[in-house]
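**Student:** Supplied in structure tokens, the structure appears directly below.
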Amino acid sequence: MAVFSAVEDFKEAVEEINLLLNYAKRNTRNMKRYSTFNKTAIILLCTKFESFLENFLEEYCYEHLKCSTNKNLNTHLYEHILIALIDELNTHKTRPEKRNELIEKVVSLCGVAELSEIETFKIKPKFSYGKHGQSEIEKLLKQFGFRDFLVKEDTLGFFRNFNSLNFVRNNIIHEDATPSLTHQDVQKYLSEINDFIDDLTTDAKLELDKI
156 MAVFSAVEDF KEAVEEINLL LNYAKRNTRN MKRYSTFNKT AIILLCTKFE
206 SFLENFLEEY CYEHLKCSTN KNLNTHLYEH ILIALIDELN THKTRPEKRN
256 ELIEKVVSLC GVAELSEIET FKIKPKFSYG KHGQSEIEKL LKQFGFRDFL
306 VKEDTLGFFR NFNSLNFVRN NIIHEDATPS LTHQDVQKYL SEINDFIDDL
356 TTDAKLELDK I
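Residue 263 in the working numbering sits at position 108 of the sequence shown, and the numbers go up by one each step.
Following this line, the structure appears as structure tokens:
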């Protein structure tokens, strides 16, 4: 059974968020301090959640590759690796040594021979620079085969609430707004993200068990 360190890392990050919430609770009579702690907790929560997704998918893919060959590899991972190699090849097309190395990797991935040690292929589960929100999360998860997970009722319910969280985040960052945000609101968002992470982790482990 796979154990994802990204989950443990997020739990440690939650301790930081809870620390901010505890300070907020102690400063309910000082609105400037209260709102500052709550706003900081929201920004930290969104940042740590995105970091979790990237790290989690990288671990998930590594576990997948460790148990697969180039012949039975999940189609989504196969396409991701191939496109990443082609992109890197295009970047180094004027450097013969690096170019030849990348061509050999493409040939070994796509060739007739079965290749069992494929966990060294690069996986790059990254958000598009400067982009956030539901569509970016869905785009990232779809790349690695989580389409069925995205249409589950619990996941759809999560995104309805996450959109509200992302709206608050954007207002804080881009509009320098001070929303009427309470520590209970932040705790609710945190709880919803924790549930989402639990569901995603369960789904990922089930997929790995199928290999």
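We put the CB at the ideal spot given by N, CA and C, even for glycine.
A quick note: this is a predicted structure, and the numbers were derived from the prediction, not measured.
1. Alpha helix (DSSP H) containing Phe322: first to last residue?
2. Please look up how many angstroms separate the CB atoms of Ala161 and Lys360, rounded, as I've assumed it's under 8 Å.
3. Please report the distance separating the alpha-carbon of Lys194 from that of Leu355.
4. Who are the near neighbours of Lys221 in its chain, counting only those whose CB is closer than 7 Å to its CB and skipping five residues on each side?
5. Compute the beta-carbon to beta-carbon distance between Leu240 and Leu228, rounded to the nearest angstrom, for a pair I have assumed lies under 8 Å.
6. Using only alpha-carbon positions, find the residue among Thr249, Asn326, Ile327, Asn318 that is nearest to Tyr344.
7. For Glu218, which residues from the same chain have a beta carbon less than 7 Å from its beta carbon, with the 5 sequence-adjacent residues on both sides left out?
8. What is the DSSP secondary structure of Thr240, counted as helix, strand or coil?
9. Kindly indicate which three-state DSSP category Ser346 falls into: helix, strand or coil?
10. Taking C-beta to C-beta, are Ile197 and Val306 nearer than 9 Å?
**Tutor:** In this structure, then:
1. Element bounds for Phe322: 308-329.
2. The beta-carbon separation of Ala161 and Lys360, rounded to 13 Å, does not stay under the 8 Å limit for a contact.
3. Annotation: Lys194 to Leu355 spans about 26 Å, alpha carbon to alpha carbon.
4. These residues qualify, in order along the chain: Glu274.
5. The pair is not a contact, with the Cβ atoms about 14 Å apart (cut-off 8 Å).
6. When each option's Cα is compared against that of Tyr344, the closest is Asn318.
7. Answer for Glu218: Ala157, Leu363, listed in chain order.
8. Residue identity check: residue 240 is Leu in the sequence provided, not Thr. The answer is helix: DSSP assigns Leu240 an H, G or I state.
9. In the three-state reduction of the DSSP assignment, Ser346 falls in the helix class, which pools H, G and I.
10. Here Ile197 is not near Val306, since their CB atoms are 9 Å or more apart.
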